[in-house]
Amino acid sequence: MPELPDVESFKRYLDATSLHQRIAHVDVLSAYVLKGISARELAQRLKGCCFESSRRHGKHLFVRTDGDVWLRLHFGMTGSLRYFKDEEKAPPHTGVLFIFARDYRLAFDDQRKFGEVGLIKNVDEFLEKRALGPDALDIDLAEFKKMFTKHRGAVKSILMNQQSIAGIGNIYADEILFHARIHPATQIARLCYKDRRHLFRAMRHVLEKAVHYQADADRMPKTWLLSHREKRGKCPRCGRSLKSSTIGGRTAWFCPHCQRSAL
Ligand SMILES: [Zn+2]
Numbered sequence: 323m324p325e326l327p328d329v330e331s332f333k334r335y336l337d338a339t340s341l342h343q344r345i346a347h348v349d350v351l352s353a354y355v356l357k358g359i360s361a362r363e364l365a366q367r368l369k370g371c372c373f374e375s376s377r378r379h380g381k382h383l384f385v386r387t388d389g390d391v392w393l394r395l396h397f398g399m400t401g402s403l404r405y406f407k408d409e410e411k412a413p414p415h416t417g418v419l420f421i422f423a424r425d426y427r428l429a430f431d432d433q434r435k436f437g438e439v440g441l442i443k444n445v446d447e448f449l450e451k452r453a454l455g456p457d458a459l460d461i462d463l464a465e466f467k468k469m470f471t472k473h474r475g476a477v478k479s480i481l482m483n484q485q486s487i488a489g490i491g492n493i494y495a496d497e498i499l500f501h502a503r504i505h506p507a508t509q510i511a512r513l514c515y516k517d518r519r520h521l522f523r524a525m526r527h528v529l530e531k532a533v534h535y536q537a538d539a540d541r542m543p544k545t546w547l548l549s550h551r552e553k554r555g556k557c558p559r560c561g562r563s564l565k566s567s568t569i570g571g572r573t574a575w576f577c578p579h580c581q582r583s584a585l
């Protein structure tokens with residue numbers, strides 16, 4: 323499921339391929355992904371426009387056009403982007419196809435169809451309406467610490483709650499807690515000042531590194547939890563068996579030895 327590092331990679335990919343080209347046509351192959359707009363209206367509004375720049379907030383990507391409107395993309399569970407030449411075949415689960423005037427196309431591909439494509443007028447208004455928290459890579463330590471007074475519950479649930487902090491999902495929440503050596507079920511009220519600082523630093527470290535590796539799991543260090551989170555998986559730090567349990571409705575993987583519980 324695309325999280326902050328994945329969406330940041332999509333942003334950089336889009337910036338490197340799809341800006342400043344006239345859109346000749348927009349083909350909607352799966353209307354499931356459209357939110358608050360019809361296929362016809364999307365095509366009409368974007369025809370003749372160019373993508374000018376992009377902005378990411380949490381797991382959302384916004385693309386500014388020269389037509390006084392922003393394209394809004396959310397990648398759901400399986401969404402991704404692909405830029406390709408006219409004569410090549412579109413990805414198999416293309417939901418929306420942006421056809422540029424000059425020989426190239428950008429596909430929003432989404433097998434499970436939980437992604438979202440729409441148009442908005444104002445990004446800040448949209449973020450406010452969704453009550454999204456600050457972006458996980460934008461937040462400073464002071465702001466991060468404030469989060470702990472506003473919310474209650476298991477630390478992993480708070481990290482995944484987009485209204486408290488935007489961008490972190492199941493995989494990176496586990497990774498961050500593994501690096502901070504905090505048990506995912508720990509109540510946030512139980513975290514001391516030092517734990518909170520550790521958690522903040524682990525969050526920055528993990529997200530920045532993951533962005534650096536273009537969110538490619540195969541390139542991430544083997545000392546990370548990521549490639550070990552499975553049955554019979556061993557902790558890359560101490561070699562003991564990893565455990566899993568359901569926290570906040572999602573499967574958490576952790577090392578019961580390295581990640582102490584303050585319950
Ligand atoms: Zn361990």
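Sequential numbering of the sequence shown, starting at 323, is according to the working numbering. Even glycine gets a Cβ: it sits at the ideal position worked out from N, Cα and C.
Under 7 Å between C-beta atoms of residue i and residue j
i: Arg503; j: Cys580; result: yes
i: Gly440; j: Lys516; result: no
i: Ala574; j: Ser563; result: no
i: Ser340; j: Phe384; result: no
i: Gly412; j: Ala423; result: The residue asked about is misnamed: residue 412 is Ala in this sequence, not Gly. The answer is no: Cβ separation not under 7 Å.
i: Tyr535; j: Met525; result: no
i: Ala539; j: Pro327; result: no
i: Val329; j: Lys381; result: yes
i: Phe470; j: Ile510; result: yes
i: Ala361; j: Val350; result: yes
i: Val348; j: Gly417; result: no
i: Leu419; j: Tyr335; result: no
i: Ile490; j: Leu499; result: no
i: Arg523; j: Lys467; result: no
i: Ser375; j: Arg367; result: no
i: Glu438; j: His396; result: yes
i: Ala458; j: Ile487; result: yes
Member of the options whose CA lies at the smallest distance from the CA of residue i
i: Tyr546; options: Thr568, Arg523, Gly570 and Phe576; result: Rather than Tyr, the amino acid found at residue 546 in this sequence is Trp. Checked all of Thr568, Arg523, Gly570 and Phe576; the closest Cα to Trp546 is Phe576.
i: Ala507; options: Lys411, Arg572, Ala464 and Phe436; result: Arg572
i: His379; options: Cys372, Leu428, Pro456 and Arg559; result: Pro456
i: Asn444; options: His527, Leu393 and Phe430; result: Leu393
i: Gly401; options: Ser479, Pro324, Gly555 and Ser331; result: Pro324
i: Pro537; options: Gln343, Glu552 and Glu497; result: The sequence shown places Ala at residue 537, rather than the Pro named in the question. The shortest C-alpha separation from Ala537 is found at Glu497.
i: Ala495; options: His473, His415 and Leu521; result: Leu521
i: Asp390; options: Gly398, Ile345, Met399 and Ile442; result: Ile442
i: Lys565; options: Ile510, Leu419 and His505; result: His505
i: Cys557; options: His501, Arg404 and Ile510; result: His501
i: Glu410; options: His396, Leu403 and Asp425; result: Asp425
i: Leu454; options: Leu548, Ile345, Asn483 and His396; result: Asn483
i: Asp460; options: Lys451, Glu530 and Lys553; result: Glu530
i: Asp388; options: Met399, Tyr405, Leu395 and Lys369; result: Lys369
i: Cys514; options: Ser583, Ser352 and Asn492; result: Ser583
i: Asn492; options: Ile569, Ile359 and Gln485; result: Ile569
i: Pro414; options: Ile345, Arg559, Ser352 and Lys544; result: Ser352
i: Arg427; options: Leu449, Gln343 and Asp446; result: Gln343
Say whether the segment 425–437 touches the segment 468–478, bearing in mind that this needs 3 or more beta-carbon pairs closer than 8 Å, one atom from each stretch. no
Which runs of the alpha helix (DSSP H) fall wholly inside the segment 495–523 and span at least 4 residues, in chain order? Runs of the alpha helix (DSSP H) lying entirely within the segment 495–523, each at least 4 residues long, are absent.
Neighbourhood of ligand 1 [Cβ distance below 6 Å to any heavy atom], ordered by chain position: If you measure from each CB to the nearest heavy atom of ligand 1, the residues under 6 Å come out as Cys557, Arg559, Cys560, Arg562, Cys577, His579 and Cys580.
Tell me the start and end of each unbroken beta strand (DSSP E) in the segment 391–442 that is at least 3 residues and wholly inside, in chain order. 392–396, 401–407, 416–422, 426–432 and 438–442
Which ranges would you report for the beta strand (DSSP E) in the segment 527–566 if only whole runs of at least 3 residues count? none
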